[in-house]
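J.: Have a look at the structure that comes next, please.
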Amino acid sequence: MHKPVSVKRGYHQYCGLASALDILGERWTLLIVRELLMGPRRYSELLADLPGIGTNLLAERLKFLVENGVVRQIDVRGTGSRLSYELTDAGQGLRPAVLGLAQWGMDFVGELAAEDTVRPHWGFLAVEAMIDSGRVPPFDENYEFHVDNEVFHIAVGGNAASAVRGPSVSPAMVATTDAATFVQIGSGRVTPFMAMIQGKLKLEGDAEAVIRCCDLLGLETSAAAVASPR
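Everything in the sequence shown is counted per this note's numbering, starting at 1 for the first residue and increasing by one.
Okay, here's the thing in structure tokens:
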């Protein structure tokens, strides 16, 4: 059981949702959690991937999350310097909620504005959020994604599918795109086929695997099987 420390603006409602918002409701907090769902991050890395937050505000938010048992500091290298931050078990418990919000928010993604930031590693969480457990293919195969300089894949096996950081061994399909296009495909603003026509998406591998991957992610599959053999 975690007892929250004093908050600046508490809701003072005896309710689980209100208690959650007492911890997570401040601006930037859930985005910090999003970054840490990818694994331990140094302060400088968080600052770089959260443009606009400001160093003092980031320090304040991290301090509050540490005090409430959502985040902890760790010494990755065992040197006592360059400490990193990672989610505690309580923080990891936010994964389903954050993924659900990310998927829900896809319906509200607009056009990419000049001031908007996009990071390729966000594509990993987007894929994890988009996986439909009711559409898992009945046999084992992997689908690999190259989003700018990030590589991750979906591993399908044992009637389950999971998102995994890093490349796959012998993927049945490889998709190559940029981070902005990936978000637009995930939000349904652009179909995989249209992105291919525009030269923003390259699909390689088995055409049937492309269709299975699109179906698993809830993407439109019409004409999406036009993939280049590897």
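We put the beta carbon where it would ideally sit given N, CA and C, even for glycine. Note that this is a predicted model, so its numbers are computed, not measured.
1) Any idea what DSSP makes of Val7, helix, strand or coil?
2) When DSSP builds the beta bridges, which residues end up paired with Leu177?
3) Would the segment 146 to 162 count as touching the segment 116 to 134 if we require 3 or more Cβ pairs under 8 angstroms?
4) Which residues in the same chain as Leu30 place their Cβ atom closer than 7 angstroms to its Cβ, once the five residues preceding and following it in sequence are excluded?
5) Just to confirm before moving on: does the CB-CB distance between Leu47 and Glu35 stay below 7 angstroms?
6) In whole angstroms, what separates the C-alpha of Leu217 from that of Pro96?
7) Rounded to whole angstroms, what is the Cα-Cα separation between His153 and Ala59?
8) Roughly how many whole angstroms lie between the Cα atoms of Gly105 and Trp28?
9) Output the distance between the C-alpha atoms of Phe193 and Leu62, rounded to the nearest integer angstrom.
10) Does DSSP classify Leu24 as helix, strand or coil?
11) Following the continuous alpha helix (DSSP H) through Ser44, name the residue where it begins and the one where it ends.
12) If I follow the unbroken alpha helix (DSSP H) through Ala59, where does it start and stop?
13) Beta carbon of Ala126, beta carbon of Gly186: below 7 angstroms?
14) Taking the DSSP output, what are the residues bridged to Val164?
15) On the three-state DSSP scale, how would you describe Gln13?
16) Using only the alpha-carbon positions, how far apart do Asp132 and His12 sit?
17) Which one of Ala161, Ser162, Asn142 has the shortest CA to CA distance from Ala175?
18) Can you find at least 3 beta carbon pairs, one from the segment 161 to 179 and one from the segment 205 to 212, that sit closer than 8 angstroms?
19) With H, G and I counted as helix, E and B as strand and the rest as coil, what does DSSP make of Ile131?
20) Helix, strand or coil, according to DSSP, for Ser170 in the structure here?
T.: In brief:
1) Taking the sequence shown and counting its residues from 1, the one referred to as residue 7 is at position 7. Residue state, collapsed to three classes: coil.
2) Numbered from 1 along the sequence shown, position 177 holds the residue referred to as residue 177. The sequence given here places Thr at residue 177; Leu does not occur at that position. DSSP lists Val147, Leu201 as partners of Thr177.
3) As far as the Cβ criterion goes, the segment 146 to 162 touches the segment 116 to 134, which means the pair count is three or higher.
4) By one-based count along the sequence shown, residue 30 stands at place 30. Excluding sequence neighbours, Leu30 sits near Leu24, Val98.
5) Counting from 1 along the sequence shown, the entry for residue 47 is found at position 47. Counting from 1 along the sequence shown, the entry for residue 35 is found at position 35. Taking 7 angstroms as the cut-off, the Cβ atoms of Leu47 and Glu35 do not count as close.
6) Numbered from 1 along the sequence shown, position 217 holds the residue referred to as residue 217. Numbered from 1 along the sequence shown, position 96 holds the residue referred to as residue 96. Each residue's Cα considered, the two are about 16 angstroms apart.
7) As a working note, residue 153 is residue 153 in the sequence shown. As a working note, residue 59 is residue 59 in the sequence shown. Rounded to the nearest angstrom, the two C-alpha atoms are 33 angstroms apart.
8) Stepping through the sequence shown from its first residue, residue 105 is reached at position 105. Stepping through the sequence shown from its first residue, residue 28 is reached at position 28. Answer to the nearest angstrom: the Cα atoms are 16 angstroms apart.
9) Stepping through the sequence shown from its first residue, residue 193 is reached at position 193. Stepping through the sequence shown from its first residue, residue 62 is reached at position 62. Near 42 angstroms, if we compare the C-alpha coordinates of Leu62 and Phe193.
10) The residue labelled residue 24 in the question sits at position 24 within the sequence shown. Looking at Leu24 - three-state DSSP - the assignment turns out to be helix.
11) The residue you call residue 44 lines up with position 44 of the sequence shown. Run containing Ser44: 43 to 49, per the alpha helix (DSSP H) assignment.
12) Residue numbering aside, residue 59 sits at position 59 when the sequence shown is read from its first letter. Here the alpha helix (DSSP H) through Ala59 covers 55 to 67.
13) The residue labelled residue 126 in the question sits at position 126 within the sequence shown. The residue labelled residue 186 in the question sits at position 186 within the sequence shown. Going by C-beta atoms, Ala126 is nearer than 7 angstroms to Gly186.
14) Mapped onto the sequence shown, residue 164 falls at position 164. BP columns for Val164 point to His153.
15) Residue numbering aside, residue 13 sits at position 13 when the sequence shown is read from its first letter. Three-state DSSP puts Gln13 in coil, outside helix and strand.
16) Position 132 of the sequence shown holds residue 132. Position 12 of the sequence shown holds residue 12. Between Asp132 and His12, the C-alpha separation is close to 37 angstroms.
17) For this step, residue 175 is matched to residue 175 along the sequence shown. Taking only the C-alpha atoms, the option nearest Ala175 is Asn142.
18) yes
19) By one-based count along the sequence shown, residue 131 stands at place 131. Three-state DSSP puts Ile131 in coil, outside helix and strand.
20) On the sequence shown, position 170 is the one that residue 170 refers to. Ser170 falls in the coil class under three-state DSSP.
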